[in-house]
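These notes are about the structure you will find just below.
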Amino acid sequence: MSLFDINQSFLQQCFPGLDLDYVLLSEQLNLDLAHLQLLRDCYQSWQQPSLPSEFWLYALLLVDEINRGSSCLNRSSERFKHYQQQFNLTDWQDLVIDLDLLKLAEQPVFVDHNGCLFFQKYHDAEQRLQQQISALIHDYQGQRYQPTAIKQALQSALTNRQYPLNTEQIQAVITGLMQSFSLVSGGPGTGKTTMVVSLLRCLQALGVDPAYMALAAPTGRAAYRMTASLQSGLHEELNKQVNDKPSPLMALEAQTIHRLIGKSHRFNQTNRYHSQHKLPYKVIIIDEVSMVDLQLMTELLDAVAPDCRLILVGDQFQLPSVESGAVLADLMPPQGHNVRLSRTFASVLAALMTPYVEDTLHITAESDDNQSGLLVDTCTILRQSHRSIQSIQTISEYVRLGDAEGLFKAPELVKLPQKSLTDSSQEGVIWMPQHNHASAGLALIWDWFKQHIELDQYHQSLQPCVNFEAQAIGDYQTNLSTIFDYINQQQILTLMNTGSAGQEFINRYLCQQLKQRWQINVGQNHFHGQAVMMRRNDYDKQLFNGDIGIILQADEGWHVVFPGRNGYRSYALALLPELITAFAITVHKSQGSEYRHVFMPLPHDPGNRLLSREIIYTGLTRAKKSAFIYGHQSVLSQAINNHNERQSGLQFW
3 MSLFDINQSF
13 LQQCFPGLDL
23 DYVLLSEQLN
33 LDLAHLQLLR
43 DCYQSWQQPS
53 LPSEFWLYAL
63 LLVDEINRGS
73 SCLNRSSERF
83 KHYQQQFNLT
93 DWQDLVIDLD
103 LLKLAEQPVF
113 VDHNGCLFFQ
123 KYHDAEQRLQ
133 QQISALIHDY
143 QGQRYQPTAI
153 KQALQSALTN
163 RQYPLNTEQI
173 QAVITGLMQS
183 FSLVSGGPGT
193 GKTTMVVSLL
203 RCLQALGVDP
213 AYMALAAPTG
223 RAAYRMTASL
233 QSGLHEELNK
243 QVNDKPSPLM
253 ALEAQTIHRL
263 IGKSHRFNQT
273 NRYHSQHKLP
283 YKVIIIDEVS
293 MVDLQLMTEL
303 LDAVAPDCRL
313 ILVGDQFQLP
323 SVESGAVLAD
333 LMPPQGHNVR
343 LSRTFASVLA
353 ALMTPYVEDT
363 LHITAESDDN
373 QSGLLVDTCT
383 ILRQSHRSIQ
393 SIQTISEYVR
403 LGDAEGLFKA
413 PELVKLPQKS
423 LTDSSQEGVI
433 WMPQHNHASA
443 GLALIWDWFK
453 QHIELDQYHQ
463 SLQPCVNFEA
473 QAIGDYQTNL
483 STIFDYINQQ
493 QILTLMNTGS
503 AGQEFINRYL
513 CQQLKQRWQI
523 NVGQNHFHGQ
533 AVMMRRNDYD
543 KQLFNGDIGI
553 ILQADEGWHV
563 VFPGRNGYRS
573 YALALLPELI
583 TAFAITVHKS
593 QGSEYRHVFM
603 PLPHDPGNRL
613 LSREIIYTGL
623 TRAKKSAFIY
633 GHQSVLSQAI
643 NNHNERQSGL
653 QFW
């Protein structure tokens with residue numbers, strides 16, 4: 003199905019008289035209303051009979067790529083070659099079309115560059131991004147630290163640690179100190195937060211005032227988690243120092259990128275910070291960069307001052323942003339390629355790292371004369387994970403590499419027959435083929451949920467909070483901590499919102515089961531102990547899209563309690579209209595979170611467009627002890643084999 007259910011009749015109305023297979027196009031392509039209206043306006047405005055039907059077919063394929071998250075139609079991609087055969091496409095060069103003549107409101111609509119067809123705005127964004135990063139690297143006007151100064155800063159931050167940093171983390175810290183622009187990519191549990199804490203301490207030791215440091219993330223929820231994790235890490239490290247004066251680093255709080263740049267949501271109005279009015283910071287660290295889209299990244303870089311050091315942190319193999327672009331994946335070396343270092347940089351790096359590395363240090367470097375690529379000497383990949391058990395890491399690696407055959411042969415994959423779950427102590431990655439009867443699958447989900455939320459104990463923990471008194475919320479701290487421990491120790495993660503394997507359907511089913519078990523009126527919309535999630539940011543209440551809360555029965559009606567940095571907060575349910583049940587959530591909403599146990603129900607159709615190795619990898623790597631995958635082997639194989647490769651014209655390597 004196409005987006006917004008674009009059908010053949012609508013396509014014919016947009017492009018009457020063209021020699022196109024409207025049925026096939028509506029079935030095969032991801033087409034949306036806004037882009038089709040743009041193309042329809044172009045078609046009506048230009049009225050050029052000389053424009054062949056193949057040109058409009060290329061335009062529709064470009065829309066398809068945009069809706070897949072790409073920024074262009076790359077004519078060398080495997081997907082394009084497939085469509086070339088399917089639609090019997092004429093070679094682009096043979097069309098001989100001057101795109102400069104095709105304008106709407108005096109503005110060009112399309113750009114052809116390096117074998118890629120763009121809409122003008124995406125081409126402009128990519129060009130700006132490359133220019134911005136080049137300027138940050140080559141035209142940096144801030145302080146460049148000498149190795150001797152870095153050595154002293156490292157000594158103050160890295161010595162006498164209870165848990166020493168590993169080689170990769172130290173490399174990332176040093177790279178962040180030596181370079182004006184640096185990138186760190188690592189999966190869950192690889193120590194990204196620990197690395198950032200050490201980097202902040204080193205920067206402070208080098209004289210950077212924390213008041214001129216900024217932390218940001220793409221979403222409010224991610225910013226909250228970034229703040230909580232960093233403050234926990236800083237508290238642990240700084241508490242070891244004999245110093246009663248609190249460190250200014252403890253006052254650092256992450257914000258959304260939108261807030262950082264003062265993003266305007268009004269048409270044709272500029273952001274507060276932009277190319278002519280730069281941000282005042284000397285250091286900016288962005289977390290969860292895989293979630294940042296192309297347009298937002300260009301707006302951020304527009305606002306970064308020439309004397310500011312920028313560090314981007316994330317996991318290049320996680321789900322990319324919802325909007326177009328996969329910026330982190332484009333910035334990092336292609337999969338299978340090593341990080342590239344110049345001989346000069348590698349030599350300095352090795353000298354600075356030696357005091358903190360027990361084994362002999364081997365850093366691969368190429369001759370400075372042979373170096374090419376803008377981002378040489380800027381990237382670090384963290385590979386050592388300490389969060390999940392080894393078998394989860396092993397299976398996740400099969401998924402990341404797209405090796406479905408290897409995964410099903412791997413001894414680490416626990417294969418269960420089609421029967422009810424009976425052993426809740428099973429660890430690692432468990433796979434069960436899907437039942438033919440939907441009722442059996444729902445029974446399995448209910449069985450898993452009961453065991454892993456420890457339902458009877460969870461229900462018991464809710465009892466002291468009946469007739470909850472919001473004014474005395476401090477008296478409930480222990481009870482609330484227990485409740486949220488039960489909720490957060492497990493999570494059902496779905497690939498989609500709708501359908502029999504979607505979060506909406508599963509949440510309705512679980513609520514029905516809980517109401518029946520707890521003898522609650524079936525027609526009652528809300529109930530004591532119901533997990534809910536925010537769907538919109540509410541900055542006044544400091545609640546963000548993705549925040550999980552619990553509904554409690556209060557004296558004056560229903561209240562929702564959320565955890566916060568300074569304890570729990572309570573709000574009347576009536577003040578929070580944008581809530582959904584959250585016993586099951588989508589994988590997208592889980593990014594950045596972790597759970598002891600995860601259950602992933604897969605859709606029935608192996609042709610489902612949401613199936614990709616990135617979504618399976620992201621879901622698996624949320625789990626610390628067990629991940630249960632429920633679905634047909636063909637569906638799981640299709641997902642692992644389907645790389646969500648977003649096309650772009652960015653060339654950094």
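Going by the numbering used here, the first residue of the sequence shown is number 3, and it counts up by one from there.
Just so it is clear, CB atoms sit at the ideal spot from N, CA and C, and this is done for glycine as well.
In this text, all values refer to a predicted model and were calculated from it rather than measured experimentally.
Can you look up residue i in the DSSP assignment and give me helix, strand or coil?
i	result
Asn-76	strand
Val-198	helix
Leu-312	strand
Val-350	helix
Trp-48	helix
His-719	It is not possible to answer for residue 719, since the shown part of the chain is limited to 3 through 655.
Gly-193	coil
Phe-183	strand
Gln-649	coil
Gln-428	coil
Ala-474	helix
Thr-620	helix
Ser-344	strand
Gly-404	coil
Thr-480	helix
Gly-209	coil
His-383	Inspection of the sequence shows that residue 383 is occupied by Ile rather than by His. Three-state result, Ile-383: strand.
Asn-643	helix
Met-334	coil
Glu-238	helix
Please identify the residue among the options whose C-alpha is closest to the C-alpha of residue i.
i	options	result
Met-602	Gly-609, Tyr-460 and Phe-585	Phe-585
Thr-620	Leu-495, Leu-31, Glu-580 and Glu-647	Leu-495
Val-329	Val-294, Gln-157 and Glu-616	Val-294
Ala-107	Ala-151, Gln-145, Gln-181 and Leu-40	Leu-40
Ile-286	Pro-322, Asp-317, Ala-219 and Ser-572	Ala-219
Ile-432	Gln-635, Gln-109, Leu-59 and Gln-148	Gln-635
Phe-630	Tyr-478, His-267 and Val-416	Val-416
Pro-335	Leu-377, Leu-303, Gly-651 and Leu-35	Leu-377
Leu-497	Gln-318, Ala-353, Gln-459 and Ser-592	Ser-592
From the DSSP output, read off the bridge partner residues of residue i.
i	result
Met-434	Tyr-632
Cys-118	Asn-76 and His-115
Gly-658	Outside the displayed range of the chain (3 to 655) lies residue 658, so it cannot be described from this structure.
Cys-204	BP columns for Cys-204 are empty, so no partner.
Ile-286	Ala-216 and Leu-312
Leu-415	Val-431
Thr-258	Ala-219
Alpha carbon to alpha carbon, how far is residue i from residue j?
i	j	result
Gln-95	Asp-332	27 Å
Gln-649	Glu-67	8 Å
Asp-23	Ile-8	14 Å
Gly-609	Asp-126	34 Å
Asp-557	Phe-470	6 Å
Lys-626	Leu-20	55 Å
Phe-654	Glu-647	17 Å
Gln-10	Tyr-85	18 Å
Gln-254	Arg-227	Reading off the sequence shown, one finds Leu at residue 254, where the question assumed Gln. Approximately 13 Å, taken between the alpha carbons.
Gln-395	Ser-387	8 Å
Ala-159	Gln-206	10 Å
Asn-90	Gln-297	33 Å
Gln-526	Asn-547	25 Å
Gln-492	Thr-272	43 Å
Gln-320	Gln-173	22 Å
Gln-15	Leu-27	14 Å
Ile-176	Ile-152	8 Å
Tyr-147	Phe-529	58 Å
Phe-451	Leu-201	40 Å
Pro-149	Ser-187	24 Å
Asp-289	Thr-92	44 Å
Asn-162	Cys-204	15 Å
Ser-502	Gly-443	10 Å
Is there at least one non-hydrogen atom of the ligand SAM closer than 7 Å to the beta-carbon of residue i?
i	result
Leu-482	Summarising the ligand content, the structure contains no ligands, and the ligand SAM is consequently not present.
Fully enclosed by the region 488 to 555, which beta strand (DSSP E) runs are 3 residues long or longer? Whole beta strand (DSSP E) segments, 3+ residues: 492 to 496 and 533 to 536.
Where in the region 61 to 108 do unbroken runs of the alpha helix (DSSP H), each at least 4 residues long, occur, reported from the N-terminal end onward? DSSP runs (the alpha helix (DSSP H)) wholly in the region 61 to 108: 80 to 88 and 94 to 97.
Which parts of the region 560 to 600 are runs of the alpha helix (DSSP H), unbroken and 4 residues or longer, counting only runs that do not cross its ends? 589 to 592
What runs of the alpha helix (DSSP H), each 4 residues or longer, lie entirely inside the region 437 to 464? Correct list: 440 to 455 and 457 to 464.
Quick check for students: name the residue ranges of the alpha helix (DSSP H) that lie wholly in the region 110 to 180, counting only runs of 4 or more. 122 to 140, 149 to 160 and 169 to 180
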